[in-house]
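Here it is, written out as structure tokens:
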């Protein structure tokens with residue numbers, strides 16, 4: 103009775119066609135632009151083929167941006183997972199059901215905020231003189247100045263802390279929900295064997311959750327690619343180029359500093375190739 | 071089972087949790103308080119909890135044309151993109167969930183892979199394209215671009231929601247003589263409504279919070295609220311902080327309205343897993 107219906111065709115084909123057009127047109131056009139030498143200031147252009155890509159590999163600022171992006175991915179993904187698993191396990195262990203609900207609600211709030219809002223909130227909080235987050239330091243040291251966002255050594259971590267504030271707390275809720283879906287028998291068995299609480303989690307529950315935790319990490323890796331708003335509002339890539347990730351550098355090359363749209367697009371194309379290959383491979387692995 | 075003694079470790083764990091809960095909301099509460107302060111109460115070395123509140127900042131924000139235009143643009147662009155996402159994403163998700171074919175896996179992966187695309191890689195070519203067509207800096211351009219986001223996210227989240235609808239209910243409707251389309255309209259949609267509402271709310275939050283694409287696709291007319299808010303801060307410390315804080319509060323309110331729907335959505339997803 104379902105078999106002869108035209109429903110799958112009428113429901114799927116238009117949507118998929120639109121998605122394909124909307125995604126393939128910009129993607130292919132990005133490659134076309136990357137092979138030209140377009141600039142925002144002039145409408146004329148010519149084909150330069152791969153010279154944009156060749157220039158990129160001699161561009162020390164580009165190489166720096168690659169390195170900053172890699173650092174950003176590692177720092178935010180690792181810190182998010184540590185916070186999420188830590189808080190998730192703590193909630194599972196010591197919070198009553200009612201308290202769990204309260205924490206879950208509180209921990210979802212930061213991730214719902216626009217990144218721009220989150221960035222502002224913490225930019226104010228990190229202000230060296232008037233910020234609420236630097237106040238304890240001023241209090242303890244008797245008024246010494248600590249300016250995390252304008253020191254090259256701390257700026258990346260200060261911005262990353264906002265990302266972890268949003269995602270780590272949210273993922274803690276998910277880790278708790280995963281722990282709640284586990285069957286109680288293995289945990290009981292470990293308890294009867296006099297396992298300590300941390301041992302139960304390290305050797306029983308977390309290994310049981312390996313697959314969902316890896317999927318969670320995968321989601322975070324994808325979301326960490328979207329760091330632009332935070333960095334744009336908090337540091338604009340500074341101090342110097344200490345927090346200039348690839349999308350920030352592409353944006354400033356294409357729009358702020360020189361309007362070299364083609365050069366920026368070449369960078370974007372490299373990013374796209376790298377992420378699509380990496381994530382496709384990871385996804386196949388996660389699924390397998 | 072043997073109860074564990076209430077020890078120092080347990081106390082410490084509770085303290086860490088309480089601290090995390092505090093850290094989750096306090097920065098926001100502080101921002102909301104600052105939105106009610108005069109500048110002299112914000113620019114202080116020692117944070118002030120007691121102050122005489124003022125509505126001047128909020129009044130100023132709501133009276134600015136740029137903010138109101140941004141609000142209008144955000145509402146229209148996000149609303150339209152979500153509607154398109156619902157109209158195209160939900161039926162497609164239902165087809166994937168209920169009429170399995172050999173491409174189902176590939177379709178799901180394709181929809182997910184749209185999320186891998188770096189936003190800059192999409193925004194740069196689109197900017198050039200919209201400039202050439204003459205739609206740069208207009209709401210239609212933004213709506214079309216956002217539709218890519220909303221359709222794919224709604225589809226991705228709605229597939230499991232439709233799969234969770236008990237098959238027997240739909241089969242019974244078929245037996246009663248319903249056609250395939252009316253089963254979708256009258257059975258699947260209402261039964262899955264709560265989960266679907268979560269998926270739709272999520273897609274709204276996603277586009278409402280979107281920044282990079284809006285920044286690149288607008289120069290003056292089509293600026294959304296996040297862009298307007300970020301521009302206020304680029305004027306440096308000349309803008310009173312209270313006003314900036316008020317704009318952050320205004321920008322953050324709409325997504326927070328969905329807190330209840332989204333946490334309910336999360337719970338229902340995990341309840342399905344458990345059963």
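Chains as they are written, first to last, in the numbering used here: chain A, 103 to 390; chain B, 71 to 345.
Positions of the beta carbon are idealized from the N, C-alpha and C atoms, including for glycine.
- Pull up the CB-CB distance for residue 418 of chain B and residue 298 of chain B, whole angstroms please, since I reckon it's below 8 Å. Lying outside 71 to 345, the shown extent of chain B, residue 418 of chain B is not represented and no answer is given.
- Message: Between A/277, A/210, A/268, A/137, which has its C-alpha nearest residue 224 of chain A's C-alpha?
- Response: A/268
- Item | C-beta contact flag for residue 191 of chain A and residue 258 of chain A at 8 Å | no
- Item | Pick from B/316, B/115, B/107 that is closest to residue 246 of chain A, judged by C-alpha positions | B/115
- Task: Below 8 Å between beta carbons is the criterion; list the residues of the region 156-183 of chain B that meet it against any residue of chain A, in chain order.
- Result: 158, 159, 161, 162, 164, 165, 166, 168, 169, 171, 177, 179, 180, 181, 182, 183
- residue 185 of chain A vs residue 266 of chain A beta-carbon contact at 8 Å: yes
- Output yes if chain B places a C-beta closer than 8 Å to the C-beta of residue 103 of chain A; else output no. Because residue 103 of chain A carries a pLDDT of 45, less than 50, the predicted location of this residue cannot be relied on, and no value is offered for it.
- Query: For residue 202 of chain B, which of A/311, A/142, A/116 has the nearest alpha-carbon?
  - Reply: A/142
- Query: Mind checking whether the beta-carbon of residue 242 of chain B lies closer than 7 Å to any heavy atom of the ligand FAD?
  - Reply: Ligands are entirely absent from the displayed structure, and the ligand FAD is therefore not among its contents.
- Task: Indicate whether residue 147 of chain A and residue 154 of chain A have their beta-carbon atoms separated by less than 8 Å.
- Result: no
- Query: Counting pairs of beta carbons, one from the region 334-344 of chain A and one from the region 312-324 of chain A, are three or more of them closer than 8 Å?
  - Reply: no
- Query: At what residues does the alpha helix (DSSP H) containing residue 140 of chain B begin and finish?
  - Reply: 135-168
- Message: For a quick check, are the C-beta atoms of residue 131 of chain A and residue 86 of chain B less than 8 Å apart?
- Response: no
- Count the other C-beta atoms from every protein chain shown that fall within 10 angstroms of the C-beta of residue 305 of chain A, then say buried if there are 16 or more, exposed otherwise. exposed
- the region 186-194 of chain B / the region 349-363 of chain A touching (three or more Cβ pairs under 8 Å): yes
- Task: Check whether the Cβ of residue 319 of chain A lies closer than 8 Å to any Cβ atom in chain B.
- Result: no
- Query: Is DSSP giving residue 149 of chain A helix, strand or coil here?
  - Reply: strand
- Message: Please report the straight-line C-alpha distance between residue 335 of chain B and residue 329 of chain B, rounded to a whole angstrom.
- Response: 10 Å
- Task: Output the distance between the C-alpha atoms of residue 129 of chain B and residue 150 of chain B, rounded to the nearest integer angstrom.
- Result: 28 Å
- Task: Check whether the Cβ atoms of residue 242 of chain B and residue 211 of chain A lie closer than 8 Å to each other.
- Result: no
- Compute the distance between the beta-carbons of residue 262 of chain A and residue 197 of chain A, then report whether it is under 8 Å. no
- Straight-line CA distance for residue 72 of chain B to residue 299 of chain A? Since pLDDT at residue 72 of chain B reaches only 44, below the 50 mark, its modelled position is unreliable, and the value read off the structure follows with that caveat. Cα to Cα, the separation comes out at about 12 Å.
- Task: Please classify residue 206 of chain B: is it buried, with 16 or more other beta-carbons within 10 angstroms of its beta-carbon, or exposed?
- Result: buried
- Message: If contacts are defined as beta-carbon pairs under 8 Å, then residue 348 of chain A and residue 171 of chain A qualify, I think. What distance do you get, rounded to the angstrom?
- Response: 5 Å
- Query: Which stretch, first to last residue, makes up the alpha helix (DSSP H) that contains residue 122 of chain B?
  - Reply: From DSSP, residue 122 of chain B is part of no alpha helix (DSSP H); its letter is neither H nor E.
- Query: For a contact meaning CB atoms closer than 9 Å, what does residue 275 of chain A contact in chain B?
  - Reply: 333, 336
- At a CB-CB cut-off below 7 Å, which residues of chain A make contact with residue 279 of chain B? 216, 217
- Is residue 321 of chain B near residue 295 of chain B, with beta carbons less than 8 Å apart? yes
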